[in-house]
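For reference, the structure discussed in these notes is given below.
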Amino acid sequence: MKPRVLVTRHVYPAAIAILQEDCTVDYHATHDVLAPDRLVRRLQHAQGVVCQLTDALTADVIAEAPQLKVIANIAVGYDNVDVPAATARGIVVTHTPGVLTEATADLTFALLLATARRLPEAERFLRGGRWQRWDVDLLCGADVHGRTLGIVGLGRIGQAVARRARGFGMPLLYSAPRPAPEAIERELQARHVPLDTLLQHSDFVTLHVPLRDDTRHLISVEQLCRMRRSAILVNTSRGPIVDEAALVAALEEGLLAGAGLDVFEHEPQVHPGLLALPNVVLLPHVGSATVPVRTRMCALAAGDCAAVLRGERPAHPVNPEVLG
Ligand code: GLV
Numbered sequence: 131m132k133p134r135v136l137v138t139r140h141v142y143p144a145a146i147a148i149l150q151e152d153c154t155v156d157y158h159a160t161h162d163v164l165a166p167d168r169l170v171r172r173l174q175h176a177q178g179v180v181c182q183l184t185d186a187l188t189a190d191v192i193a194e195a196p197q198l199k200v201i202a203n204i205a206v207g208y209d210n211v212d213v214p215a216a217t218a219r220g221i222v223v224t225h226t227p228g229v230l231t232e233a234t235a236d237l238t239f240a241l242l243l244a245t246a247r248r249l250p251e252a253e254r255f256l257r258g259g260r261w262q263r264w265d266v267d268l269l270c271g272a273d274v275h276g277r278t279l280g281i282v283g284l285g286r287i288g289q290a291v292a293r294r295a296r297g298f299g300m301p302l303l304y305s306a307p308r309p310a311p312e313a314i315e316r317e318l319q320a321r322h323v324p325l326d327t328l329l330q331h332s333d334f335v336t337l338h339v340p341l342r343d344d345t346r347h348l349i350s351v352e353q354l355c356r357m358r359r360s361a362i363l364v365n366t367s368r369g370p371i372v373d374e375a376a377l378v379a380a381l382e383e384g385l386l387a388g389a390g391l392d393v394f395e396h397e398p399q400v401h402p403g404l405l406a407l408p409n410v411v412l413l414p415h416v417g418s419a420t421v422p423v424r425t426r427m428c429a430l431a432a433g434d435c436a437a438v439l440r441g442e443r444p445a446h447p448v449n450p451e452v453l454g
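Structure (structure tokens):
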């Protein structure tokens with residue numbers, strides 16, 4: 131009998147075609163998120179699940195999926211999956227790194243530029259019919275070229291952002307648990323510094339760390355107080371890396387100049403304080419949202435799910451220890 135795979139929500143069709151080669155696919159092409167009880171019910175007879183960052187594959191959900199062998203998450207981040215609980219059950223967890231690196235770095239840079247140069251505010255101004263004439267001080271923002279960029283986390287996406295920043299003549303600082311290999315530091319001309327030093331000396335701070343217990347609220351009151359009053363914070367990683375209430379207070383008090391945010395602590399809810407501030411640019415978690423990239427992410431997750439169910443090694447396991 132073919133293994134059964136649950137695809138939790140709407141995906142690009144390439145994923146379904148890949149799965150259908152070897153599996154029976156349980157799929158409704160809906161954008162609705164399955165409530166936990168419905169997710170558990172649909173997982174009852176599934177050997178595989180292709181899920182998204184909106185699906186909480188908690189220890190409780192995993193415990194109620196007796197036949198599950200693989201969880202294929204359509205995202206590079208996998209904080210929505212309780213990996214230790216999956217590992218304890220011998221369930222393979224996979225994710226989709228690599229294919230979204232450049233698109234996410236592009237979006238990070240777009241957000242940095244949009245925030246620094248007040249692009250959404252300027253567009254609202256024009257569309258609102260308020261543009262009367264050219265003024266010397268109309269909608270002036272911050273320089274980007276030549277200003278120091280602090281990159282928190284120099285992994286794949288952090289490095290791709292650094293490459294873009296080199297084109298803007300930006301001196302680069304980065305913080306990470308360990309320095310990057312010398313060849314990468316040399317290529318990027320990036321200096322490894324403690325997070326506090328980075329916060330004190332950067333004009334822009336951009337976050338590229340995964341969400342884990344030790345990175346939750348990595349940027350909170352103390353860190354925001356260390357930033358320059360002229361600095362801009364950019365976050366395209368995960369919302370809970372930043373203590374959102376602390377960020378709102380810091381922005382209101384003028385402890386930093388602005389923020390560009392693609393991710394939020396309680397998505398899809400956005401802190402009302404952020405919505406009220408003119409110096410923040412807010413996007414609905416679209417870091418990797420290009421058609422080719424999202425198509426590749428769907429196909430990659432489906433391919434890895436099918437591979438595990440065929441008894442093969444997936445391309446991107448998160449917990450390779452269960453593969454033996
Ligand atoms: C998106 O946020 C991802 O983790 O791929």
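Taken in order, the sequence shown gives residues 131 to 454; the numbers are from the working numbering. The C-beta atom is built at its ideal place from N, Cα and C for all residues, glycine as well. Being a predicted model, the structure only gives us computed values, none of them experimental.
Give the straight-line distance between the Cα atoms of residue i and residue j, rounded to the nearest whole angstrom.
| i | j | result |
| --- | --- | --- |
| residue 224 | residue 366 | 21 Å |
| residue 449 | residue 437 | 15 Å |
| residue 446 | residue 264 | 53 Å |
| residue 212 | residue 189 | 6 Å |
| residue 377 | residue 201 | 34 Å |
| residue 286 | residue 371 | 18 Å |
| residue 444 | residue 208 | 16 Å |
| residue 115 | residue 147 | The question about residue 115 has no answer, for the chain in this structure spans 131 to 454. |
| residue 332 | residue 153 | 51 Å |
| residue 326 | residue 259 | 43 Å |
| residue 238 | residue 244 | 10 Å |
| residue 156 | residue 162 | 15 Å |
| residue 418 | residue 352 | 30 Å |
| residue 248 | residue 408 | 9 Å |
| residue 284 | residue 262 | 44 Å |
| residue 205 | residue 266 | 44 Å |
| residue 165 | residue 174 | 15 Å |
| residue 342 | residue 348 | 10 Å |
| residue 270 | residue 420 | 30 Å |
| residue 160 | residue 143 | 13 Å |
| residue 131 | residue 441 | 15 Å |
| residue 272 | residue 307 | 30 Å |
| residue 315 | residue 295 | 14 Å |
| residue 389 | residue 253 | 17 Å |
| residue 151 | residue 134 | 12 Å |
| residue 454 | residue 399 | 41 Å |
| residue 344 | residue 257 | 43 Å |
| residue 401 | residue 350 | 15 Å |
| residue 310 | residue 158 | 44 Å |
| residue 323 | residue 149 | 45 Å |
| residue 219 | residue 276 | 51 Å |
Is the Cβ-Cβ distance between residue i and residue j less than 8 Å?
| i | j | result |
| --- | --- | --- |
| residue 179 | residue 198 | yes |
| residue 136 | residue 172 | yes |
| residue 416 | residue 336 | no |
| residue 386 | residue 354 | yes |
| residue 439 | residue 177 | yes |
| residue 411 | residue 381 | no |
| residue 242 | residue 339 | no |
| residue 203 | residue 431 | yes |
| residue 397 | residue 374 | no |
| residue 236 | residue 210 | no |
| residue 403 | residue 334 | no |
| residue 217 | residue 452 | yes |
| residue 274 | residue 246 | yes |
| residue 358 | residue 384 | no |
| residue 393 | residue 356 | no |
Tell me which residue opens and which closes the alpha helix (DSSP H) that residue i is part of.
| i | result |
| --- | --- |
| residue 287 | 286-297 |
| residue 325 | 325-331 |
| residue 255 | 249-257 |
| residue 435 | 421-439 |
| residue 239 | 231-246 |
| residue 272 | Neither: residue 272 is in no alpha helix (DSSP H) and is coded neither H nor E. |
| residue 213 | 213-218 |
| residue 146 | 143-150 |
| residue 381 | 374-382 |
| residue 173 | 166-173 |
I'd like the span of the beta strand (DSSP E) that includes residue i, first residue to last.
| i | result |
| --- | --- |
| residue 390 | 388-391 |
| residue 200 | 200-203 |
| residue 412 | 410-412 |
Which residues does DSSP list as the beta-bridge partners of residue i?
| i | result |
| --- | --- |
| residue 350 | Partner(s): none; residue 350 has no beta bridge. |
| residue 156 | 136 |
| residue 334 | 279 and 362 |
| residue 181 | 203 |
| residue 302 | 279 and 320 |
| residue 447 | 224 |
| residue 399 | 396 |
| residue 187 | 211 |
Any heavy atom of ligand 3 within a distance shorter than 7 Å of the CB on residue i?
| i | result |
| --- | --- |
| residue 186 | For ligand 3, the structure offers nothing, since it holds only ligand 1. |
Flag this pair as touching only if the region 311-320 and the region 290-303 have three or more C-beta atom pairs under 8 Å; answer yes or no.
Contact holds: three or more Cβ-Cβ distances are below 8 Å.
Could you check whether the region 225-238 touches the region 417-435, counting it as contact only if at least three pairs of C-beta atoms, one from each stretch, sit closer than 8 Å?
Contact holds: three or more Cβ-Cβ distances are below 8 Å.
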